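Q: Residue 44 in our numbering sits at position 41 of the sequence shown, with consecutive numbering throughout. Idealized CB from N, CA, C, for every residue including glycine. The structure presented is a predicted model; accordingly, all values stated were derived computationally and were not measured. Take this structure, written in structure tokens, and hold onto it; I'll ask about it next.
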Amino acid sequence: MQPIRSSPVGMRSLRSYALLALSTNSPRTTLKVRHNLPPFSTHYGLTRLFATSIRFHSQDPSSLKSETSPIPPASPQSQPKKFNLRPYMDLMRMGRPIGTYLLYAPCAWSITMAAQYTNAHPSVWLTNLALFAVGAFVMRSAGCVINDMWDAKIDAKVERTKSRPIASGAVSYGQATTLLGLQLSTALAILLQLNTYSIVLGVIALVPVIIYPTMKRYTNMPQIGMGISFTTGSLIGWSAVAGSCYWPAVLPLYASTIIWGIHYDLIYAHQDKVDDKATGVGSMALLFGDEHTKKALTAFSIIWMALLAYAVQVQSPIFPSFCAENGDALSFQDWFQHTLSTGHPFFAVSWLATAAHVIWQIRTLNMNNPADCWAKFSSNRIVGLIIFLGLAADYLYQRIELNGQAEIARIKTT
């Protein structure tokens, strides 16, 4: 048993109680005299009071709890975690929409070319552009989830990707699977708005999307898989407007967009070439190296731009003949007007502007500067926009002219 420790404060507080208990005028003494109680009872009560007071005052004041003491807060482990939307937004790459732009560009090209080829009403053109814009966002985000689920262990070893939600543990595989299910359900709902031909193409297009993330494990050319899976919109966009694909134009268009995808993904791959080499991941950036990458980019650019021009030419001549149907030569003014009415003069201008941009892109690319690789890769959204504006200008001009001619014919008949 430990000895009782008293404090000066406790002894001082006892003095008043002791004097009261021993005083003959106190109520306790008066009670004893009145009932003839033994005197030791007073001393016994005083002793108990003295011991209790000493024991009370010898305790650590911080260990005493009053009824009004605040309730200690619950530990972080016992508190329920608040739902945080940010990791899911990062998983869907909502802060970096460049992937959505690049996925949408082949869709917009194809929709516009098909609208001009079939002379579709602008409402059909605009409706499909809007529908495919939503679809591009959903499918691009779903592709990011699939890619991150496949590559979580590899991403954790790469400096640029180790903070991704699945690799860092911010989102579990189960949560990512739930999100992917919601995305694919939304994509299916959008796909079902199209015709049967387009639905079949859309289902087939899911196969390369799922296979693509595995290619970097078994080949040095995963960019080919990316190009195939990322540009199927050039097939579905045409069939959504026309009801089926006009393959003489659609196949070279699809091939063009595939090689364009390989082109910009090769630039993108140079950001991670050091980490890819360390982790054993295949890449065209490692296959070509710094010495041959620009040569490869030049070759890819020539091929994809030539195929794009060929696809447009097959749809309808970019520049019509200088001869009229009867064989007579057209004046320049008549030929130019005929070109505006049936050809693709605005596309020709946009094609030349794109060629200039791609030349700048390749010449100024610094393959050992990740920030510059990202900037050059991202600049391909300008390529997509320039081509689209040229195709759209041709289509809209010809629609306006046709409407004008129809109005003139209506007035003449009345």
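Taking Glu294 as part of the alpha helix (DSSP H), name the residues at either end of that continuous run.
A: Where Glu294 is concerned, the enclosing alpha helix (DSSP H) stretches over 287 to 318.
Q: Looking at C-beta atoms only, is the number of pairs between the segment 179 to 189 and the segment 114 to 130 that lie closer than 8 Å three or more?
A: At 8 Å Cβ cutoff, the stretches do not touch.
Q: Going by DSSP, name the residue or residues bridged to Cys326.
A: DSSP, once it has assigned bridges, lists Ala332 as partnering Cys326.
Q: Give me, in chain order, the residues of the same chain whose beta-carbon lies closer than 8 Å to that of Ile403; leave out the 5 immediate sequence neighbours on both sides.
A: Closer than 8 Å at Cβ, skipping near neighbours: no residue.
Q: Looking only at its chain, what residues have a beta carbon closer than 7 Å to the beta carbon of Glu162, apart from the 5 residues adjacent to it on each side?
A: Cβ within range, chain order: Asp278.
Q: When you compare each of Leu333, Ile321, Asn383 to Gly393 by their alpha carbons, which one comes out closest?
A: Nearest C-alpha to Gly393: Ile321.
Q: Distance cutoff 8 Å, beta carbons only. Does Gly387 sit that close to anything in chain B?
A: Among the chains of the structure shown, chain B does not appear; only one protein chain is present.
Q: In whole angstroms, what is the alpha-carbon distance linking Ile169 and Ala208?
A: Approximately 25 Å, taken between the alpha carbons.
Q: Which of helix, strand or coil does DSSP assign to Gly177?
A: The answer is helix: DSSP assigns Gly177 an H, G or I state.
Q: Would you mind working out which of Asp293, Met152, Ala351 sits nearest Met370, comparing C-alpha positions?
A: Of Asp293, Met152, Ala351, the residue nearest in Cα terms is Asp293.
Q: Quick check on the DSSP output: the alpha helix (DSSP H) that includes His360 runs from which residue to which?
A: Counting along the chain, the alpha helix (DSSP H) containing His360 begins and ends at 348 to 366.
Q: Any idea what DSSP makes of Leu183, helix, strand or coil?
A: Looking at Leu183 - three-state DSSP - the assignment turns out to be helix.
Q: When the Cβ atoms of the segment 212 to 222 are set against those of the segment 149 to 159, are three or more pairs found closer than 8 Å?
A: Verdict: yes, contact present.
Q: Per DSSP, what kind of secondary structure is Asp154 in: helix, strand or coil?
A: If DSSP states are grouped into helix, strand and coil, Asp154 belongs with coil.
Q: Might you give, ordered along the chain, the residues of its own chain that have their beta carbon closer than 6 Å to the beta carbon of Gln318, omitting 5 neighbours on each side?
A: Only Met116, Tyr120, Ala252 meet the Cβ criterion.
Q: Give the range of the alpha helix (DSSP H) segment to which Arg220 is assigned.
A: First-last of the alpha helix (DSSP H) with Arg220: 218 to 221.
Q: Assign Arg99 to one of three DSSP states: helix, strand, or coil.
A: In the structure shown, Arg99 sits in coil (DSSP, three-state: anything other than H, G, I, E or B).
Q: Between which two residues does the alpha helix (DSSP H) carrying Met92 extend?
A: Looking at the DSSP string, the run of the alpha helix (DSSP H) that includes Met92 is 89 to 94.
Q: Quick test of the definition: if touching needs 3 or more C-beta pairs under 8 Å, does the segment 255 to 263 touch the segment 195 to 202?
A: Flag = no, the segment 255 to 263 and the segment 195 to 202 do not touch.
Q: Could you name the residues of the same chain whose beta carbon sits closer than 6 Å to that of Trp307, not counting the 5 residues immediately before and after it, in chain order?
A: Hits under 6 Å: Ser259, Ile262, Trp263.
Q: Which one of Phe303, Gly246, Ser237 has the shortest CA to CA distance from Leu106?
A: Answer by Cα proximity: Ser237.
Q: Of the residues Ser353, Phe380, Asn406, Ile270, which one's Cα is nearest the Cα of Ala395?
A: Closest by alpha carbon: Ser353.
Q: Under a Cβ-count criterion, where at least 16 other Cβ atoms within 10 Å of its own Cβ denotes burial, should Leu311 be classed as buried or exposed?
A: Result: buried.
Q: To which residues of the same chain is Leu405 closer than 8 Å at the C-beta, ignoring the five residues directly before and after it?
A: Correct list, in chain order: Asn122.
Q: Write down the C-beta distance between Trp250 and Ser113 rounded to the nearest angstrom, noting that I regard them as a contact closer than 8 Å.
A: Trp250 to Ser113, Cβ: 13 Å. No contact.
Q: Closer than 7 Å by C-beta to Cys248: which residues in its own chain qualify, once you throw out the five before and the five after it? Chain order, please.
A: Closer than 7 Å at Cβ, skipping near neighbours: Leu238, Trp241, Ser242.
Q: So, Met224 versus Asp268, is the Cβ gap smaller than 8 Å?
A: Cβ atoms of Met224 and Asp268: not closer than 8 Å.
Q: Where does Gly102 land, buried or exposed, given buried means 16+ other C-beta within 10 angstroms?
A: By the 10 Å Cβ count, Gly102 comes out buried.
Q: If we ignore side chains and look at the alpha-carbon of each, how far apart do Ser175 and Met152 end up?
A: Straight-line Cα distance between these residues: approximately 9 Å.
Q: Quick one: grab the DSSP three-state call for His273.
A: Here His273 sits in coil by DSSP.
Q: Ignore the nearest five residues each way along the sequence and tell me which others in Gly330's own chain have a CB closer than 8 Å to its CB.
A: Cβ within range, chain order: n/a, list empty.
Q: Compare the C-alpha of Gly177 against each of Leu204, Val203, Ile149 and name the closest.
A: Closest option to Gly177, Cα to Cα, is Ile149.
Q: Of the choices Ile414, Thr296, Leu94, Ile362, whose alpha-carbon is the least far from that of Thr180?
A: Closest by alpha carbon: Leu94.
Q: Three or more C-beta pairs closer than 8 Å, one from the segment 375 to 389 and one from the segment 353 to 363: is that the case here?
A: Yes, the segment 375 to 389 touches the segment 353 to 363.
Q: Whole-angstrom Cβ separation of Leu300 and His266, contact assumed at under 8 Å?
A: Confirmed, about 6 Å.
Q: With H, G and I counted as helix, E and B as strand and the rest as coil, what does DSSP make of Ala281?
A: If DSSP states are grouped into helix, strand and coil, Ala281 belongs with the helices.
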